[in-house]
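Asks: Have a look at the structure that comes next, please.
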Amino acid sequence: MSNTTLNKNGINKSVIILISAVILFFVLLYTLPFDRNANSGLALLALIAVLWLTEALHVTITALMVPLLAIFLGLVNTSTALATFADPNIFLFFGGFALATALHIQQLDKMIANKIMALAKGKLSVAIMYLFSVTAFLSMWVSNTATAAMMLPLAMGVLSLDRNTEHNTYVFVLLGIAYSASIGGMGTLVGSPPNNIVATQLHLTFADWLWYGLPIMLILMPLMIGTLYIVFKPKLNMRFEQEFEKVEMNKSRWITLGIFVFIALSWVFSSQMNPILSGLLGLTGKIGSFDSVIALAAAVIICITGVANWKQIQDNTDWGVLMLFGGGLTLSAVLKNSGASKILADGIVF
């Protein structure tokens, strides 16, 4: 089958899903037994949910449809619809992208991975556990996808040393890295976009999220490894000799490491730092969303010190994710203002 035929089939499928979603929207809009605003909110939720789940349209475009449709449905005014795209938590996530960019540009992420792998001392089982652990740790701060993409070549390099490595061992390691990246993303507020969405609704700070996210992450990791081991029964008793690309510490990398540690500690202790800094500046009680302030400071410091420039931050920031986050916050506000969220909550209370 040619690529043209595949593309046409994909387009036809997307068109069918889009038309079906629009029909569902109007059916719900005019048949639900609630008031006009609630019907509009629920119909909008159904439309956006279908488009996000099926990706009939790009998820970012679907996110941008949320404020547009909310305005035309009369659910919110333009200022309210677009205000969430400047939500402090979006800037928090942007700061996370800036920090991840600095780590990547200075190759600190690769250096950390290589040093931990060297500690395995030729034992495959130990190396794999280190791989999973460092993947989870890095994905607490760096994109899950980017972390997995960085760790997979290391894993493949180790596995390829033995031509007799069984298929189940490959699957165990590769799935383990993918799942470790996802689980690690739960650990911090900047680990994954959904974390920010929930934190915004619950008014959780970086430290608050860490208090819940880290234990969950530590519980899920061994459960994941144990489950994969039982299912795939990998052979982990081989030994290996591996030469990793050497990354030497220099001035820029020390500065980057210092920035990373400073920002990470600032996020962890933000609830203690905020009143102290506010008091020193005579702004007691006036500095809100302090985690976002720290994130913006991180981006500025990174550029000023030269460990990464704006072009690099711009290229490594997933702006679509930030727009997606904004669309999700707008949808949340619309559901709350229209009364749709209350109807949904009442519907699941037994």
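Here the sequence shown stands for residues 1 to 350, where the numbers follow UniProt numbering.
Beta carbons: idealized from backbone N, C-alpha and C, even for Gly.
#1: Whole angstroms is fine: what's the gap from Lys13's alpha carbon to Ile19's?
#2: Which residue's Cα is closest to the Cα of Gly306: Gly285, Ala63 and Thr256?
#3: Can you give the Cα-Cα distance for Leu135 and Met273, rounded to whole angstroms?
#4: My understanding is that Val126 touches Ala118, with C-beta atoms under 8 angstroms, so please give their C-beta distance in whole angstroms.
#5: Quick one: residues in its chain with C-beta nearer than 7 angstroms to the C-beta of Ala295, no 5 flanking neighbours on either side, listed in chain order?
#6: Can you tell me whether DSSP reads Lys246 as helix, strand or coil?
#7: Among the residues of its own chain, which have a CB less than 7 angstroms from the CB of Leu29, if the five just before and after it don't count?
#8: Below 8 angstroms, how does it come out for the stretch 287-303 and the stretch 213-233: are there three or more Cβ pairs, yes or no?
#9: Using CA atoms only, rank isn't needed, just tell me which of Met238, Met249, Ala264 and Gly320 is closest to Phe137.
#10: Kindly list the residues whose CB is nearer than 7 angstroms to the CB of Thr205, restricted to its own chain and excluding five residues on each side of it in sequence; keep chain order.
#11: Looking at the unbroken alpha helix (DSSP H) that takes in Lys251, where does it start and where does it end?
#12: Counting pairs of beta carbons, one from the stretch 324-342 and one from the stretch 60-79, are three or more of them closer than 8 angstroms?
#13: Which residue's Cα is closest to the Cα of Val247: Thr60, Ala49, Ala63 and Ile105?
#14: Who are the near neighbours of Gly184 in its chain, counting only those whose CB is closer than 6 angstroms to its CB and skipping five residues on each side?
#15: My parser needs the alpha helix (DSSP H) runs of 4 or more residues fully inside the stretch 83-109; what are they?
#16: Can you list, in chain order, the residues of its chain whose CB lies under 7 angstroms from that of Leu214, leaving out five sequence neighbours each side?
#17: Measure the alpha-carbon distance for Leu202 versus Lys235 and round it to whole angstroms.
#18: Determine, using beta carbons only, whether Gly176 and Met217 come nearer to each other than 9 angstroms.
#19: Alpha carbon to alpha carbon, how far is Asp346 from Ala340?
Replies: Reading off the structure:
#1: Their backbone Cα atoms lie some 10 angstroms apart in a straight line.
#2: Nearest C-alpha to Gly306: Thr256.
#3: Rather than Leu, the amino acid found at residue 135 in this sequence is Thr. Cα to Cα, Thr135 sits roughly 30 angstroms from Met273.
#4: 11 angstroms between Cβ atoms; not a contact.
#5: If we look at Ala295 and ignore the five residues flanking it on each side, its Cβ neighbours are Phe91, Leu92, Phe94, Gly95 and Gly96.
#6: Coil at Lys246, not helix or strand.
#7: Excluding positions up to five away in sequence, the list reads Asn39, Ser40 and Ala43.
#8: No, they do not touch.
#9: Answer by Cα proximity: Ala264.
#10: Counting only Cβ-Cβ distances below 7 angstroms, and skipping sequence neighbours, we find Ser270, Ser271 and Asp291.
#11: In the DSSP annotation of this structure, the continuous segment of the alpha helix (DSSP H) that includes Lys251 starts and ends at Lys251 to Val268.
#12: They touch, by the three-pair rule.
#13: Of all alpha-carbon atoms in Thr60, Ala49, Ala63 and Ile105, the one lying nearest the alpha-carbon of Val247 is that of Ile105.
#14: Closer than 6 angstroms at Cβ, skipping near neighbours: Ala136, Ser139 and Met140.
#15: As far as the stretch 83-109 is concerned, its whole alpha helix (DSSP H) runs of at least 4 residues are 88-105.
#16: The residues are Gly187.
#17: Taking the CA atoms as reference points, Leu202 sits about 44 angstroms from Lys235.
#18: Not in contact: Gly176 and Met217 (Cβ atoms no closer than 9 angstroms).
#19: Asp346 and Ala340: Cα-Cα distance of roughly 10 angstroms.
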